[in-house]
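S.K.: With full-length UniProt numbering, you'll find the sequence shown wraps up at 138, consecutive numbering, no jumps.
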Amino acid sequence: MSLKNQNKTEFRRDINGLRAWAVICVVLYHFGVPGFNGGFVGVDVFFVISGFLMTGIIIKGLESKNGFSISSFYIARARRIIPALIALCAALVFIGWSLLPAGEYSTLSINTITALTFTSNIKFWRETGYFFEDSKYN
Numbered sequence: 001m002s003l004k005n006q007n008k009t010e011f012r013r014d015i016n017g018l019r020a021w022a023v024i025c026v027v028l029y030h031f032g033v034p035g036f037n038g039g040f041v042g043v044d045v046f047f048v049i050s051g052f053l054m055t056g057i058i059i060k061g062l063e064s065k066n067g068f069s070i071s072s073f074y075i076a077r078a079r080r081i082i083p084a085l086i087a088l089c090a091a092l093v094f095i096g097w098s099l100l101p102a103g104e105y106s107t108l109s110i111n112t113i114t115a116l117t118f119t120s121n122i123k124f125w126r127e128t129g130y131f132f133e134d135s136k137y138n
């Protein structure tokens, strides 16, 4: 199955509305708006939506005459996610270089490298224990 066919799905306004709701909840939670102290649930909503959409792609692939290719599936995900990740990291490095003191910029640089190599969770895990009070901020 080609990558173009595997990525072709119909636009779902209902799911897009849920995504918007989830983003708004998370943003308002981070800004400390009263009544949104459980806004982190928006992240859970994103995980559920992603699982639903990915499962749909896999099922369509399995039902197609060409079959499902796990490598094509992951290549398609990488082609979608990595350009945005690179753009975000580049913007953060530039803004950080302009605004942060040297020590904080060094931390930003290390965090950027771990984000680009998909190892940031390992870095954060090694910095603090899972059950320590500080870990609630990661």
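Note that beta-carbon positions come from the ideal geometry of N, C-alpha and C, so glycine has one too. These numbers come from a predicted model, not from an experiment.
Does the Cβ-Cβ distance between Val43 and Val27 come in under 8 angstroms?
M.R.: Result no, Cβ atoms of Val43 and Val27 do not sit closer than 8 angstroms.
S.K.: Take Ile15 and list the residues in its own chain whose beta-carbon comes closer than 7 angstroms to its own, dropping the five residues that flank it on each side.
M.R.: These residues qualify, in order along the chain: Ile49.
S.K.: Alpha carbon to alpha carbon, how far is Leu116 from Ser2? Give it in angstroms, no decimals.
M.R.: For Ser2, the pLDDT reaches just 48, beneath the cut-off of 50, and the residue's location in the model is therefore unreliable, although a value from the coordinates is still provided. One C-alpha to the other measures close to 27 angstroms.
S.K.: Buried or exposed: which applies to Gly39, given that a residue is buried once 16 or more other Cβ atoms fall within 10 Å of its Cβ?
M.R.: Burial call: buried.
S.K.: What does the alpha-carbon distance come out to for the pair Gly17 and Thr119?
M.R.: Going by the C-alpha atoms only, they are around 31 angstroms apart.
S.K.: Could you pull the start and end residues of the alpha helix (DSSP H) that Gly51 belongs to?
M.R.: 41-63 is the extent of the alpha helix (DSSP H) around Gly51.
S.K.: Thinking C-alpha only, which one of Val93, Phe36, Val45 is nearest Ala20?
M.R.: Residue Val45 is the option with its Cα nearest to Ala20.
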